[in-house]
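In our numbering, the protein residues as written are 5 to 159.
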Amino acid sequence: MSIDKITSTILAEAEAEKETILAEAKEQCDKIISEARAKADKITSDMVKKGNEEKEKIVERRRSVAAIDAKKITLQKKQEILDECFKGAIDRIVNLPRDEYVDYLVRVGVNSEMYGGLLTFNQKEHDSVAEEVIQKLNAATDERRKEKYGDFPYS
Numbered sequence: 005m006s007i008d009k010i011t012s013t014i015l016a017e018a019e020a021e022k023e024t025i026l027a028e029a030k031e032q033c034d035k036i037i038s039e040a041r042a043k044a045d046k047i048t049s050d051m052v053k054k055g056n057e058e059k060e061k062i063v064e065r066r067r068s069v070a071a072i073d074a075k076k077i078t079l080q081k082k083q084e085i086l087d088e089c090f091k092g093a094i095d096r097i098v099n100l101p102r103d104e105y106v107d108y109l110v111r112v113g114v115n116s117e118m119y120g121g122l123l124t125f126n127q128k129e130h131d132s133v134a135e136e137v138i139q140k141l142n143a144a145t146d147e148r149r150k151e152k153y154g155d156f157p158y159s
């Protein structure tokens with residue numbers, strides 16, 4: 005064999021080995037890239053899922069806070085309305101004519117279903133209406149009081 009032929013055979017074998025090595029390297033490279041892409045896709049998918057779960061938690065917390073705030077506002081408005089109603093009722097009761105005021109106090113006493121006991125008046129009412137309220141209240145509750153408690157009138 006001549007040197008050229010030997011050289012050419014060696015070069016052909018080297019070229020074939022080079023092609024085999026390159027093919028194996030490319031195959032390994034493709035496998036590594038494929039595995040890396042799969043891992044990256046999994047990580048991305050997990051992160052998207054985790055992000056969506058976190059987003060849902062945040063949205064739910066904000067909805068809860070908004071619902072609580074709405075209830076607070078509603079309660080505040082209700083309280084304001086009740087305050088206005090009570091203020092109006094107090095103003096109306098305080099400004100009733102004397103006879104209507106006495107009748108009102110007697111109605112409240114009768115509706116309390118207490119039928120006896122000690123009534124407390126402020127000084128102004130004590131001096132102006134207490135005596136009449138007690139007399140009318142005792143008269144209005146006399147029968148029921150005696151049935152339930154014996155003869156213990158209002159005083």
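Just so it is clear, CB atoms sit at the ideal spot from N, CA and C, and this is done for glycine as well.
| Asked | Found |
| --- | --- |
| Whole-angstrom distance between Ala42 and Glu17, CA atom to CA atom | 37 Å |
| Whole-number beta carbon distance between Val110 and Pro140, since they are thought to touch under 8 Å | Here residue 140 turns out to be Lys, not Pro, going by the sequence shown. Confirmed, about 5 Å. |
| Validate contact between the stretch 95–114 and the stretch 63–83 using beta carbons, cut 8 Å, 3 pairs | no |
| Cβ-Cβ separation, Val114 to Ala144 (assumed contact under 8 Å), whole Å | 5 Å |
| C-alpha distance - Lys22 paired with Glu31, whole-angstrom precision | 14 Å |
| First through last residue of the alpha helix (DSSP H) which encompasses Ser132 | Gln127 to Ser132 |
| Cβ pair Val136, Val112 closer than 7 Å | Note that residue 136 corresponds to Glu in the displayed sequence, not to Val. No. |
| Ser132 versus Ala93 - alpha carbon distance | 21 Å |
| Neighbour-count burial assignment, Arg65, 16 or more Cβ in a 10 Å radius | exposed |
| Pairwise C-alpha distance: Lys46 and Asp34 | 18 Å |
| Member of Ala27, Glu147, Phe90 and Ile7 whose CA lies at the smallest distance from the CA of Glu117 | Glu147 |
| Sequence-distant residues of its chain with Cβ nearer than 7 Å to Phe125 (five each side left out) | Ala134 |
| C-alpha distance - Val52 paired with Ile62, whole-angstrom precision | 15 Å |
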